[in-house]
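What follows is a short report on a single structure.
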Amino acid sequence: MGACLGVCSLLSCASCLCGSAPCILCSCCPSSRNSTVSRLVFTGFLLLGVLVSIIMLSPGVESQLHKLPWVCEGADAPSVLQGHIDCGSLLGFRAVYRMCFATAAFFFLFTLLMVCVRSSRDPRAAIQNGFWFFKFLIFVGITVGAFYIPDGSFSNIWFYFGVVGSFLFILIQLLLLIDFAHSWNQLWLGKAEECDSRAWYGGLFFFTLLFYALSIAAVTLLFIYYTHPGTCHEGKIFISLNLVFCVCVSIVAVLPKVQEAQPNSGLLQASVVTLYTMFVTWLALSNVPDQKCNPHLLTQLSNDTMLAEGYETQWWDAPSIVGLVIFILCTLFISVRSSDHRQVNSLMQTEDSVVLEAMQQQQQQQQQQQVTAENRVFDNEQDGVTYSYSFFHFCLVLASLHIMMTLTNWYRPGETHKMISTWTAVWVKICASWAGLFLYLWTLVAPLLLRNRDFS
């Protein structure tokens, strides 16, 4: 779809900047749903902010900006600029904080604006699905304004907003992974029954075994690199507890009563949850403020001149890279598949799912017949939205905060404009892993405890 957007003519695009989402695609693109295109474009705004943040953290960018007289030489800079913008605010982690603040503020604005939108007949739906040029101007305006925020205590306060938002987004990531594993398991079991082939069962067994093997390898590596005899007691406790918890939920997933109440549950989902828990544990241990127990901690420089300035931040370590990749995949999953998967749909849906699905199927059949020849986007939300506009934007707010913490390694800004690793980040991530395991355990035992509710 991105390639199709790129080859559209400039005149066609310019005529639709103030229009609705259907105008975004040209005649060369396949027909798509209005709701999907809108989510993709909003996700593009988020990824644009992520790209700018990554560029500001790229090696050499900060040093090159310091060389520009109009940026960092206070004696030559205009007095107006000196009075409103701190040069350091444009660089490094402070640039990431301001860029992600602008992105979060942009999506929070739409979170409030789109509350209780029920169908595309609501006038606010036109704002959701159109006026992209003006949205881009608003986004740029908020971004520029963010760099005018005085440094002061902004970074310290915004750090704690990032901690809370990232905690919630870690849980959303786990829900997405559980939903993906459920759908995967159900699809392959259906293929096995339909084709009467054991190859599908073998595939499920292979990936389940692979995920558990990777989890065991992760536990082993965590003990090797993040613990030492006679020290690093916290790391040993965290790794051991999460290992025990993962074994417990894996056993619960295959109990006869759980299988009877929820036939789709199995070891595939448990293996995905186990591997993700080990990943979050790795992220937590990578923030332990003890150089003996954390090989990713800030490294002391030997050069006397640079030593006086403190530490050098290792932005592009393995935890940050893996976290960035998982973040992008989960964000795209929210944008593309949120109206097709049950777990995500149950979070984002605002109307009765059964009635709405029937109405939408009839409406989509009629609209698809009309637009197939034109290869355009069709409005599939006239009788009811397929996802909650407000909750979708709130997820993007949390995503903005999470990527801010990921790119800055969860380090807290210090008084001397340095990044400091704290136990706050460690405990937040460990608690998020425990909360995620509890949520998965609840999905297993809920059908047994609440028999009057439908969990199908």
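Numbering (mature numbering (1 follows the signal peptide of the UniProt record, and there is no 0)), first residue to last: -16 to -1, 1 to 440.
A virtual CB, placed ideally from N, CA and C, is assigned to each residue, including glycine.
Predicted model only: the values in this text are computed from it and were never measured.
Check: Per-residue DSSP class, three states only, for ARG105; Outcome: coil
Check: THR215 versus CYS277: straight-line alpha-carbon distance, rounded; Outcome: 8 Å
Check: Between the CA atoms of ARG108 and LEU160 - distance to the nearest angstrom; Outcome: 28 Å
Check: Where GLY114 falls: helix, strand or coil (DSSP); Outcome: strand
Check: N- and C-terminal bounds of the alpha helix (DSSP H) containing HIS212; Outcome: Looking at the DSSP string, HIS212 is not in any alpha helix (DSSP H), and its letter there is neither H nor E.
Check: Given 8 Å, three or more beta-carbon pairs between the segment 228 to 240 and the segment 251 to 265; Outcome: yes
Check: PHE422 versus ALA416: straight-line alpha-carbon distance, rounded; Outcome: 10 Å
Check: SER212, buried or exposed, once every other Cβ within 10 Å from all chains shown has been counted against 16; Outcome: The sequence given here places His at residue 212; Ser does not occur at that position. Its Cβ having fewer than 16 others within 10 Å, HIS212 is exposed.
Check: Proximity below 8 Å, CB of VAL381 to CB of PHE92; Outcome: yes
Check: Backbone secondary structure at PRO397 - three-state DSSP; Outcome: strand
Check: Assigned exposure category for TRP142 - 16 Cβ within 10 Å defines buried; Outcome: buried
Check: Extent of the continuous alpha helix (DSSP H) run through LYS276; Outcome: No alpha helix (DSSP H) holds LYS276; DSSP gives it neither H nor E.
Check: Local Cβ density within 10 Å of SER139, reported as buried at 16 or more and exposed below that; Outcome: buried
Check: Whole-angstrom distance between TYR373 and PHE191, CA atom to CA atom; Outcome: 35 Å
Check: Close beta carbons around ASN436, own chain, < 8 Å, minus the five adjacent residues each side; Outcome: none
Check: Cut-off 7 Å between Cβ atoms - residues of its own chain near ALA89, not counting five sequence neighbours on either side; Outcome: ILE126
Check: Three-way DSSP call (helix, strand, coil) for GLN353 in this model; Outcome: Bear in mind that a pLDDT of 47 at GLN353, under 50, signals an unreliable position, so the number given afterwards is only what the model happens to contain. Residue state, collapsed to three classes: helix.
Check: Straight-line Cα distance separating GLY250 from GLU244; Outcome: 11 Å
Check: Inter-residue CB distance, VAL309 and VAL410 (contact presumed, cutoff 8 Å); Outcome: So it is not a contact: roughly 22 Å between Cβ atoms.
Check: Stretch pair the segment 103 to 122 + the segment 16 to 25: three plus CB contacts closer than 8 Å; Outcome: yes
Check: PRO303 beta carbon less than 8 Å from that of residue 453; Outcome: In the structure as shown, the chain starts at -16 and stops at 440, and residue 453 therefore has no counterpart that could be examined.
Check: Selected residue, minimal CA-CA separation from CYS379, among ILE38, LEU225, LEU155, MET262; Outcome: LEU155
Check: Beta-carbon gap between THR370 and SER19 smaller than 8 Å; Outcome: yes
Check: Three-way DSSP call (helix, strand, coil) for THR334 in this model; Outcome: Because THR334 carries a pLDDT of 38, less than 50, the predicted location of this residue cannot be relied on, and the following value inherits that uncertainty. If DSSP states are grouped into helix, strand and coil, THR334 belongs with coil.
Check: Minimum C-alpha distance to LEU96 - residue among GLN157, ASP135, PHE376, ASP274; Outcome: PHE376
Check: Closest by C-alpha distance to GLN275, when choosing among SER167, GLN157, TYR209; Outcome: TYR209
Check: Same chain only: Cβ atoms within 6 Å of ILE414, ignoring 5 sequence neighbours per side; Outcome: PHE222, ALA268
Check: 7 Å CB neighbourhood of TYR81 in its chain, flanking five on each side removed; Outcome: SER139, TRP142, MET388
Check: Alpha carbon of ALA202 to alpha carbon of LEU193, nearest angstrom; Outcome: 14 Å
Check: Alpha helix (DSSP H) segment containing LEU96, residue limits; Outcome: 76 to 97
Check: Bounding residues of the alpha helix (DSSP H) (the contiguous stretch that carries VAL21); Outcome: 18 to 41
Check: CB contact flag (LEU41, LEU385, <8 Å); Outcome: no
Check: Residues of its chain near SER98, where Cβ-Cβ distance is below 7 Å and the 5 sequence neighbours each way are ignored; Outcome: Just to set this straight, residue 98 is Met in the shown sequence, not Ser. Around MET98: ARG108, GLN112, TYR373, SER374, HIS377.
Check: PRO303, DSSP secondary structure in three states; Outcome: helix
Check: Through-space distance from VAL101 to GLU218, alpha-carbon basis; Outcome: 47 Å
Check: Continuous alpha helix (DSSP H) stretch holding LEU239: start and end; Outcome: Unbroken run through LEU239: none, as it is neither H nor E.
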